[in-house]
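Every letter in the sequence shown is one number past the one before it in my numbering, and letter 356, counting from 1, is 357.
Just so it is clear, CB atoms sit at the ideal spot from N, CA and C, and this is done for glycine as well.
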Amino acid sequence: MSENPALRASATFDRATIAEIQRAAETGIYRIRGWGAKRPLPHFDDLLFLGASMSRYPLEGYRERCDTDVKLGGRHGAVPVHLEIPITIAGMSFGALSANAKEALGRGATIAGTSTTTGDGGMTPEEREHSERLVYQYLPSRYGMNPDDLRRADAIEIVLGQGAKPGGGGLLLGQKISERVAAMRTLPQGIDQRSPSRHPDWTGPDDLTIKIAELREVTDGRIPIFVKIGASRPYYDTSLAVKAGADVVVLDGMQGGTAATQDVFIENVGIPTLAAIPQAVEALQELGVHREVQLVVSGGIRTGADVAKALALGADAVSIGTAALIALGDNSPALADEYAKLGSAPGYYDDFQAGLDPAGITTQDPELTARLDPVEGGRRVANYLRVLAMEAQTIARACGKSHVLNLEPEDLVALTLESAAMARVPLAGTSWIPGA
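Next comes the structure, spelled out in structure tokens:
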């Protein structure tokens, strides 16, 4: 039955809003979901590169060198993490993801010459075995944390915030807390788990300084210490992280994903990645440590163009999470019938908390997890990472740069007033930066 063309939808009370009011009224429970913000936000698509022509000369592809390697850490004498490409795999826990998914991400990162990250809940043997470079996340929950695993890591990432939920803790619902997950986290099996929103043993940057010193002592100062912040006040948070002794700052913007948190959090807390990067870079520059303390940016990275734009704005590397899961097979059209049974569809499925993922990625169900071949999954992730690196390299060459880290804000213009003001680059066709 076709709709009456005379009917007019409300911009304020659109169908999705009406449906959510009706759901809330019926259940009395706020909505929990995965993924990241779905509202339109200024993003990397709103920036363009100025390719070389007369005023600058491009580099010839396949004949003139354009490097992609980067070293993370080492500011305080630790052995830096050397990456062949400036793209890493973000922290996603065993618990939120299946063991096969964690292994596949490690395999893919190793093939591509980059690192992966543990996430909440500790380090699995499969992940360590298949990850040549593994970053160990040290979170407020301390689930699965032990000194032996800290020493086996190639870097430690202290998590203070996440882009999808800065100021909020994580959720892992009981249906995903299997016997193995419960044992690793020292939790009762099948009971909902809520991670705390802040670390239990500090209340400010002075305590962070002490914690970084403790972690250096535990690891004999051999490995770098990263500090991850959710983008809300990136100028101040970056400054405080550097002063506390961080070797690397990881900045996660509002478009960053999550396995599960309140929908109201995802859509209404934090600032876009595009707005966060220049503030963090400004803090590093004012402290005289830009490029000495590396900046890793995450939150909505999808293409090599996104990678190149983040680097041009001042990042040293980027980190991907949601995109890596899609590369593994998440939201695949091949699973359309199974998504339909769950009341969703390919490209829309975000109930990662439910443990029913037909792709075998965000589940602990043995029958579902068996669907994901970690070897094949690793190959797919590696292919995707290589494409991102090649695309960023191609753009760098077009701008006349012999290394992707030589990209700079001068290479960019913006398409909208909002993106120009946030990214602090000129509006296309002008020399005007709004707010400068």
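Q: Check whether the segment 405-415 touches the segment 321-340, taking contact to mean three or more Cβ pairs, one atom from each stretch, closer than 8 Å.
A: In this structure the segment 405-415 does not touch the segment 321-340; the number of beta carbon pairs closer than 8 Å is below three.
Q. Just to confirm, are proline 197 and glycine 170 a CB contact at a threshold of 7 Å?
A. The Cβ-Cβ distance between proline 197 and glycine 170 falls below 7 Å.
Q: Give the DSSP bridge partners of glutamine 194, in chain order.
A: Glutamine 194 pairs with Leu173.
Q: Identify the continuous beta strand (DSSP E) that holds serine 240 and give its terminal residues.
A: Note, serine 240: premise wrong, no beta strand (DSSP E); alpha helix (DSSP H) at 235-245.
Q.
Just to confirm the assignment, what range does the alpha helix (DSSP H) spanning phenylalanine 266 have?
A. DSSP places phenylalanine 266 in the uninterrupted alpha helix (DSSP H) bounded by 264-269.
**Q.** First through last residue of the alpha helix (DSSP H) which encompasses threonine 28
**A.** Membership of threonine 28 in the alpha helix (DSSP H) is indicated by the continuous run 16-28.
(Q) Please tell me whether glutamate 104 and histidine 83 are closer than 7 Å, where the distance is taken between their beta carbons. (A) Annotated as distal: glutamate 104 and histidine 83, with beta-carbon spacing of 7 Å or more.
Q. Relative to the C-alpha of arginine 40, which residue among Ala10, Gly78, Arg217 and Phe266 is closest?
A. Nearest C-alpha to arginine 40: Phe266.
Q) Who are the near neighbours of proline 375 in its chain, counting only those whose CB is closer than 7 Å to its CB and skipping five residues on each side? A) Contacts found: Asn101, Glu104, Ala105 and Arg108.
(Q) So for isoleucine 434, helix, strand or coil by DSSP? (A) Correct three-state label for isoleucine 434: coil.
**Q.** Where aspartate 317 sits in the DSSP three-state scheme
**A.** DSSP, reduced to helix, strand and coil, places aspartate 317 outside both helices and strands of the structure shown, so it counts as coil.
(Q) Is the separation between the beta-carbon of arginine 134 and that of aspartate 150 shorter than 7 Å? (A) No. Outside cutoff.
Q: Output yes or no for whether 7 Å exceeds the beta carbon distance between glycine 145 and glycine 168.
A: One thing to note: glycine 145 has its Cβ no nearer than 7 Å to the Cβ of glycine 168.
(Q) Bridge partners for glutamate 339 per DSSP, in chain order? (A) BP columns for glutamate 339 are empty, so no partner.
Q. Would the segment 257-276 and the segment 169-185 be scored as touching if the rule is three or more Cβ pairs under 8 Å?
A. As far as the Cβ criterion goes, the segment 257-276 touches the segment 169-185, which means the pair count is three or higher.
Q | Other residues of its chain near alanine 214: CB distance less than 6 Å, five sequence neighbours each side excluded | A | Excluding sequence neighbours, alanine 214 sits near nothing in its chain.
Q) Got a sec, what are the start and stop residues for the beta strand (DSSP E) valine 250 sits in? A) Run containing valine 250: 249-253, per the beta strand (DSSP E) assignment.
(Q) For glycine 109, report the span of its alpha helix (DSSP H) as first-last. (A) Per DSSP, glycine 109 is one residue of the alpha helix (DSSP H) stretching across 100-113.
Q: Grab me the residues of glutamate 339's own chain with a C-beta within less than 8 Å of its C-beta, minus the 5 sequence neighbours each way, in chain order.
A: Same-chain partners within the cutoff: Pro359.
(Q) Does chain D have any CB closer than 7 Å to the CB of asparagine 5? (A) The chain labelled as chain D is not found in the depicted structure, where only one protein chain is given.
Q.
Under 8 Å, with one C-beta from each stretch per pair, do the segment 40-56 and the segment 364-384 reach the 3-pair mark?
A. Under the 8 Å Cβ criterion, the segment 40-56 does not count as touching the segment 364-384, having fewer than three qualifying pairs.
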